[in-house]
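>
Residue numbers (this note's numbering), protein chains in the order written: chain A, 632 to 915; chain B, 632 to 915; chain C, 632 to 915; chain D, 632 to 915.
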């Protein structure tokens with residue numbers, strides 16, 4: 632049902648995150664341990680911040696385990712903040728424009744999960760997207776619509792509030808159409824400096840989400856481990872499932888919470904509460 | 632700006648139409664003579680009627696001149712009615728879901744041309760699509776939206792009226808947004824029995840369109856030509872540009888006209904007049 | 632490590648074989664039950680006899696479970712004899728020219744398995760291919776080289792002898808290079824009329840192979856089953872693993888045997904014995 | 632028949648070279664001015680030196696003008712030395728393993744042109760490749776074989792001598808098979824520090840090749856041009872055809888010559904003379 636990984640810290644070669652560990656993200660594309668489906672072979676995407684404020688994006692419809700170009704790029708590109716996503720499609724076409732992460736200006740957005748019975752409620756969701764943003768929608772995936780709803784609700788000003796309102800709006804529209812369990816998943820979004828991560832589902836049984844322990848603690852735990860000596864103090868990785876089995880490294884994010892990682896950002900997790908939409912909900 | 636070909640008659644091997652002639656459709660993908668652009672390398676599609684009422688569709692984002700699978704299929708598949716289309720993309724992504732022909736139940740639809748400033752008016756056009764049809768839209772091409780507008784306006788009951796109303800609606804919406812020259816192109820649509828073909832542009836300077844002379848006449852003109860002896864009496868081909876240079880074979884369809892080919896269909900061309908839309912046009 | 636299916640009988644729509652059954656071949660691409668690897672997502676191929684003596688071939692690097700074109704074609708193409716193959720690549724590139732089945736004139740050839748340490752012995756194998764056949768090699772897969780060795784050893788005159796000599800030659804070359812367990816797998820080849828199937832491995836622990844019970848017996852076993860009433864008396868399917876769980880339908884082909892299905896062919900399985908090569912084996 | 636571009640100098644964003652100028656390399660993929668064919672739409676490749684001694688490679692079978700990923704990468708990746716190539720295939724399959732540049736350890740190699748009647752002489756050429764290098768051949772293109780011949784003849788020690796011997800060997804083998812005009816083209820190769828460029832054809836009517844005037848001269852010629860002020864003094868670009876029309880920038884490399892650009896390399900062009908092969912030439 633997709634797997635993703637977000638990194639922030641001192642510049643890191645992408646291949647460390649994509650191919651490193653006993654359960655690397657690319658290994659998960661062929662066989663994930665915790666995913667709703669073991670195979671995540673319906674394309675993938677990488678978004679990274681580098682030469683410009685606007686991040687670069689590399690997306691492909693090939694399975695990640697097969698993509699020779701991904702292997703080449705991951706061995707050459709370093710970045711202080713990047714998103715990677717492997718896809719297990721449910722319904723929408725396997726095409727680059729449906730691969731995560733999605734981008735708007737300097738923002739990236741990715742998701743593991745789904746909007747339930749998307750075909751039924753898609754039209755009402757699309758109509759709520761700000762008309763000035765509407766022409767930017769490139770694909771047909773539920774997540775892209777969710778991203779544009781969040782942008783409509785002010786993602787660039789207050790990401791946490793906007794995502795909670797977007798999910799609230801999805802739930803409200805779904806209620807009108809009697810669609811059960813409307814939202815499922817984990818979400819990450821970034822402006823290139825901070826990363827906001829969310830875990831929530833309407834049924835309160837959400838896809839898994841993990842964040843790494845802070846580096847100073849890891850260094851104390853594992854004084855002999857070179858990797859922890861090399862990465863920067865502020866390095867953090869947020870993932871759908873752990874990349875390996877080292878005890879004390881991976882902390883599960885609890886059900887229905889969100890958090891943010893970034894310079895000057897307050898640590899700690901907060902409850903995720905879908906917000907009542909500020910716009911009117913169409914009658915089904 | 633795209634090239635297309637429609638065939639109806641006794642079953643014909645696709646390769647006759649796709650690879651035959653000194654200016655075959657596949658040759659036109661690399662170098663067309665009459666196209667707005669010489670290269671039509673942004674994917675292609677074939678739709679054909681065979682085992683079932685619903686036609687088969689083969690679409691690819693590769694240039695037609697390169698596609699080994701197209702060559703194989705064209706050498707094996709015969710059909711009494713088929714559409715083929717080569718694409719020169721203008722704006723919308725090069726992906727299978729944007730390749731013509733588009734399909735709804737037993738209907739196919741393809742187009743050479745464009746809706747001008749599509750991004751500006753797309754939202755208003757999409758909102759006019761019947762909500763029950765809306766979830767079927769798979770891609771992001773202007774032509775697919777035009778097809779679903781025509782379906783909304785009754786394509787399956789009266790194709791000519793529905794296409795003229797869809798174009799009329801596009802022109803009306805464009806007028807509200809002050810978009811000039813809103814529609815350009817030639818269109819073909821079929822239910823698997825008859826083919827309707829249209830040539831029109833808001834500026835009255837439309838892409839070219841040709842139809843073959845009827846076979847009995849061609850046999851009289853060229854008694855020695857084997858091909859004309861072999862194909863069925865009712866065989867007709869409609870194309871964006873002639874496949875070869877044999878005199879008397881290709882007849883240009885005049886500006887702002889439409890016609891229909893099929894069993895029991897009245898011959899002759901009729902004027903194309905965009906129809907005033909039966910639904911309200913949103914204020915810009 | 633790949634899965635394949637071969638069919639011969641009255642013309643059958645490809646989708647019956649590709650998408651039918653509780654464990655269809657396309658389902659096996661995502662999750663096979665008996666394969667060395669559960670996922671066979673590294674491309675696929677279909678070869679079928681139809682309009683011409685030369686079979687058509689459709690090959691793609693996408694996972695079969697994702698390929699919309701395969702679904703379309705399978706719903707339109709009927710054939711009295713076809714091969715289909717889903718690939719789990721081991722080493723050689725994921726590209727159409729490495730997808731099975733391979734073709735030479737009216738012959739097809741496909742394989743589930745491998746030549747061990749192919750890189751080490753490839754050069755010696757290639758040099759043994761008849762120089763007049765050599766330019767026809769299009770890809771870099773071990774199976775294609777095996778096919779051209781079999782052609783060199785007279786596949787078109789005596790398929791069983793030629794395949795046993797090709798495998799014998801591989802084993803002899805491998806011995807010079809001290810490569811253990813040189814050959815593994817099951818093979819199918821056809822001239823468009825009969826199908827020869829082989830199960831063998833140097834270590835005598837070969838990939839599984841099954842053939843359907845003859846239709847008259849199946850009709851007696853299951854008088855109420857419509858499918859068995861509809862297919863022709865001579866219909867046979869040979870597969871890497873059963874497409875479903877109906878008792879009495881699937882018979883395992885024993886270790887180190889081969890057989891042939893086709894008009895006027897003697898039934899029964901014979902032992903597979905690698906043949907001493909008739910040409911000299913290069914010194915390593 | 633392909634177009635290519637090689638850059639060496641201070642790190643430059645790839646998009647300057649790929650998308651800059653009135654006749655940029657990507658524009659040439661759709662419509663080249665000086666190419667044997669106007670369209671170079673059969674894939675492309677980029678090789679660049681960055682994080683490691685081994686260059687990264689990005690290759691795709693899509694036309695360069697369509698590749699969204701190329702556009703993204705070119706806007707993010709800077710490199711002091713890179714090769715880019717757009718392909719017009721002649722015969723060998725359109726697949727990533729046939730896209731230039733080819734790589735061996737820290738070396739890259741690309742070519743615009745062909746080996747005439749390659750199918751006829753390929754086997755003899757392949758047999759001359761050092762057996763230890765042979766398993767590295769990934770594709771089926773004539774240029775890759777030429778590269779491995781040059782490596783066999785010592786490319787890594789003396790590039791100019793090795794390329795002249797490889798071409799000499801091709802001509803000698805072709806002579807045995809009575810193949811006329813065996814070699815045509817321009818070649819670039821690099822070790823990541825210097826670039827060797829060659830222009831030669833057996834018929835002495837070679838594809839065009841241009842090199843930029845040195846930057847100090849360009850600064851004197853165009854004191855007001857910002858670009859020339861910004862790039863490093865030692866920056867050089869070598870191309871199949873000029874990227875624009877600015878007088879004095881592009882200098883044609885004469886027929887049958889070669890040159891080298893790089894730190895401590897002697898300037899000036901030298902005659903290209905195919906070298907008599909040091910190994911025996913097989914009898915046809």
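Virtual Cβ for every residue (Gly too), placed ideally from N, Cα, C. Keep in mind the model is a prediction, meaning the values are calculated, not measured.
1) Cα separation between residue 748(C) and residue 906(C)?
2) Have a look at 826(A), 798(A), 712(A) and flag the residue whose alpha-carbon is nearest the alpha-carbon of residue 813(A).
3) For the beta strand (DSSP E) holding residue 743(A), just list the boundary residues, first then last.
4) Could you check whether residue 731(C) and residue 687(C) sit closer than 9 Å to each other, using their CB atoms as the reference points?
5) Counting only beta-carbon separations shorter than 9 Å, does residue 766(B) have a partner in chain D?
6) Apart from the five residues on each side of it in sequence, which residues of its chain come closer than 7 Å, Cβ to Cβ, to residue 751(C)?
7) Below 6 Å CB to CB, which residues in the same chain sit around residue 637(B) once its five sequence neighbours on both sides are set aside?
8) For a cutoff of 9 Å on Cβ pairs, would you count residue 699(D) as touching chain B?
9) Out of 867(D), 865(D), 846(D), point me to the one whose CA is closest to residue 857(D)'s CA.
10) Between residue 720(B) and residue 673(B), how many whole angstroms is the CB-CB distance? I'm expecting something under 8 Å.
11) Name the chain C residues that come within less than 8 Å of residue 728(D), Cβ to Cβ?
12) Are there 16 or more other CB atoms within 10 angstroms of the CB of residue 914(C), so buried, or fewer, so exposed?
13) Can you pull the DSSP bridge partners for residue 638(A)?
14) Which residues in the same chain have their Cβ closer than 8 Å to the Cβ of residue 800(B), if we skip the five residues on either side of it in sequence?
15) Within 9 Å of any Cβ in chain C, is that where the Cβ of residue 669(A) sits?
16) Would you verify that the beta carbon of residue 751(C) is, or is not, closer than 9 Å to some beta carbon of chain D?
17) Can residue 754(A) and residue 642(B) be called in contact, C-beta distance under 9 Å?
18) Assess, as a yes-or-no matter, whether the stretch 830-845 of chain D is touched by the stretch 880-895 of chain D under the definition of 3 or more beta carbon pairs within less than 8 Å.
19) Could you check if residue 899(C) is buried or exposed, using at least 16 other CB atoms within 10 Å of its CB as the buried criterion?
20) When you compare each of 822(A), 712(A), 745(A), 740(A) to residue 977(A) by their alpha carbons, which one comes out closest?
21) Restricting to Cα atoms, I'd like to know which of 852(D), 737(D), 657(D), 904(D) is closest to residue 793(D).
22) Once the 5 residues before and after residue 873(C) are set aside, which same chain residues still bring their CB inside 6 Å of it?
23) So what's residue 702(B) in DSSP terms, helix, strand or just coil?
24) Checking 9 Å against the spacing of the C-beta atoms, do residue 855(C) and residue 689(B) come in under that value?
25) Quick one: residues in its chain with C-beta nearer than 8 Å to the C-beta of residue 876(A), no 5 flanking neighbours on either side, listed in chain order?
26) Would you call residue 775(A) buried or exposed, if buried means 16 or more other Cβ atoms sit within 10 Å of its Cβ?
27) Quick check on this structure: which residue in 828(C), 727(C), 678(C), 722(C) has the alpha carbon closest to the alpha carbon of residue 693(C)?
28) Determine the burial state of residue 878(B): buried for a count of at least 16 other Cβ atoms within 10 Å of its Cβ, exposed for fewer.
29) With a threshold of 9 Å between beta-carbons, can residue 634(A) be considered close to chain B, or not?
30) Could you check which residue in 816(A), 862(A), 867(A), 821(A) has the C-alpha nearest to that of residue 667(A)?
31) Nearest-angstrom Cα distance between residue 871(D) and residue 663(B)?
32) Are there any heavy atoms of the ligand FMN lying less than 8 Å away from the beta-carbon of residue 769(B), as far as the coordinates show?
33) Can a CB atom of chain C be found closer than 9 Å to the CB of residue 754(D)?
34) What does DSSP give as the partner residue(s) for residue 679(D) in the beta ladder?
35) Kindly identify the DSSP beta-bridge partner or partners of residue 821(A).
36) Consult DSSP for residue 816(A) and reduce its assignment to one of helix, strand or coil.
Per the coordinate set shown:
1) Counting from one through the third chain, the residue named residue 748(C) turns up at place 117. Counting from one through the third chain, the residue named residue 906(C) turns up at place 275. Pairing residue 748(C) with residue 906(C), the inter-Cα distance amounts to about 21 Å.
2) The sequence position of residue 813(A) within the first chain is 182, counting from 1. Nearest to residue 813(A) by C-alpha distance, out of 826(A), 798(A), 712(A), is 798(A).
3) Residue mapping note: residue 743(A) aligns to position 112 of the first chain, counting from 1. Looking at the DSSP string, the run of the beta strand (DSSP E) that includes residue 743(A) is 738-746.
4) In the third chain, the residue the question calls residue 687(C) occupies position 56. In the third chain, the residue the question calls residue 731(C) occupies position 100. It is not a contact, given that the beta carbons lie outside the stated cut-off.
5) For the purposes of this step, residue 766(B) is identified with residue 135 of the second chain, where counting begins at 1. Closer than 9 Å: no.
6) As a first step, residue 751(C) is located in the third chain; it is residue number 120 there, counting from the start. Excluding positions up to five away in sequence, the list reads 808, 810.
7) In the second chain, counting from the first residue as 1, residue 637(B) sits at position 6. So the list reads 714, 819, 826, 869, once near-sequence residues are dropped.
8) For the purposes of this step, residue 699(D) is identified with residue 68 of the fourth chain, where counting begins at 1. Any Cβ of chain B closer than 9 Å to the Cβ of residue 699(D) would place that residue at the interface, and such an atom is present.
9) The residue you call residue 857(D) lines up with position 226 of the fourth chain. If we check each option's Cα against that of residue 857(D), 846(D) comes out closest.
10) By 1-based counting over the second chain, the position of residue 720(B) is 89. By 1-based counting over the second chain, the position of residue 673(B) is 42. With a Cβ gap of about 4 Å, residue 720(B) and residue 673(B) count as contacting.
11) What you label residue 728(D) is simply residue 97 of the fourth chain in a count that begins at 1. Correct list: 724, 726, 771.
12) Counted from its first residue, the third chain places residue 914(C) at position 283. So residue 914(C) ends up on the exposed side.
13) Here residue 638(A) refers to the residue found at position 7 when the first chain is read from its first residue. Bridge partners of residue 638(A): 713(A), 868(A).
14) Taking the second chain and counting its residues from 1, one reaches residue 800(B) at position 169. Around residue 800(B), the same chain offers 756, 759, 780, 784, 908, 910, 912 as residues with beta carbons nearer than 8 Å, after the five sequence neighbours per side are excluded.
15) Your numbering for residue 669(A) matches position 38 in the first chain. Closer than 9 Å to some Cβ of chain C, the Cβ of residue 669(A) qualifies, so yes.
16) Here residue 751(C) refers to the residue found at position 120 of the third chain. Among the residues facing chain D, residue 751(C) is included, as its CB has a counterpart in that chain under 9 Å away.
17) Residue mapping note: residue 754(A) aligns to position 123 of the first chain, counting from 1. Residue mapping note: residue 642(B) aligns to position 11 of the second chain, counting from 1. Between residue 754(A) and residue 642(B), the C-beta spacing is not below 9 Å.
18) Result yes; three or more Cβ-Cβ pairs closer than 8 Å.
19) If you number the third chain from 1, residue 899(C) lands on position 268. Per the 10 Å Cβ criterion, exposed.
20) Outside the displayed range of chain A (632 to 915) lies residue 977(A), so it cannot be described from this structure.
21) Here residue 793(D) is taken as the residue at index 162 of the fourth chain, counted from 1. Nearest option by C-alpha distance: 904(D).
22) On the third chain, position 242 is the one that residue 873(C) refers to. Taking C-beta separations shorter than 6 Å and ignoring five residues to either side along the sequence, the partners of residue 873(C) in its chain run 841, 881, following chain order.
23) Within the second chain, residue 702(B) is the residue found at index 71, counting from 1. Judged by DSSP in its simplified three-state form, residue 702(B) adopts helix.
24) Along the third chain, read from residue 1 onward, the residue named residue 855(C) stands at position 224. Along the second chain, read from residue 1 onward, the residue named residue 689(B) stands at position 58. Cβ distance not < 9 Å, so residue 855(C) and residue 689(B) don't count as in contact.
25) Within the first chain, the letter at position 245 stands for residue 876(A). Around residue 876(A): 653, 654.
26) In the first chain, residue 775(A) corresponds to position 144, counting from 1. The residue in question, residue 775(A), is buried, as its Cβ has 16 or more Cβ neighbours within 10 Å.
27) Sequence index remark: in the third chain, residue 693(C) carries index 62 (1-based). Of the candidates 828(C), 727(C), 678(C), 722(C), the one whose C-alpha sits nearest the C-alpha of residue 693(C) is 727(C).
28) Reading the second chain from its first residue, position 247 is the one you call residue 878(B). Exposed.
29) Your numbering for residue 634(A) matches position 3 in the first chain. So no, residue 634(A) is outside the interface.
30) Counting from one through the first chain, the residue named residue 667(A) turns up at place 36. Ranking the options by Cα distance to residue 667(A), first place goes to 816(A).
31) For the purposes of this step, residue 871(D) is taken as the residue at position 240 of the fourth chain. For the purposes of this step, residue 663(B) is taken as the residue at position 32 of the second chain. Our two residues, residue 871(D) and residue 663(B), have alpha carbons roughly 25 Å apart in a direct line.
32) The ligand FMN is absent from the structure shown, which contains no ligands of any kind.
33) As a first step, residue 754(D) is located in the fourth chain; it is residue number 123 there, counting from the start. Output row for residue 754(D): interface = yes.
34) Here residue 679(D) refers to the residue found at position 48 of the fourth chain. Residue 679(D) pairs with 687(D), 713(D).
35) In the first chain, the residue the question calls residue 821(A) occupies position 190. Paired residues: 739(A), 826(A).
36) Against the first chain, residue 816(A) aligns to sequence position 185. Strand at residue 816(A).
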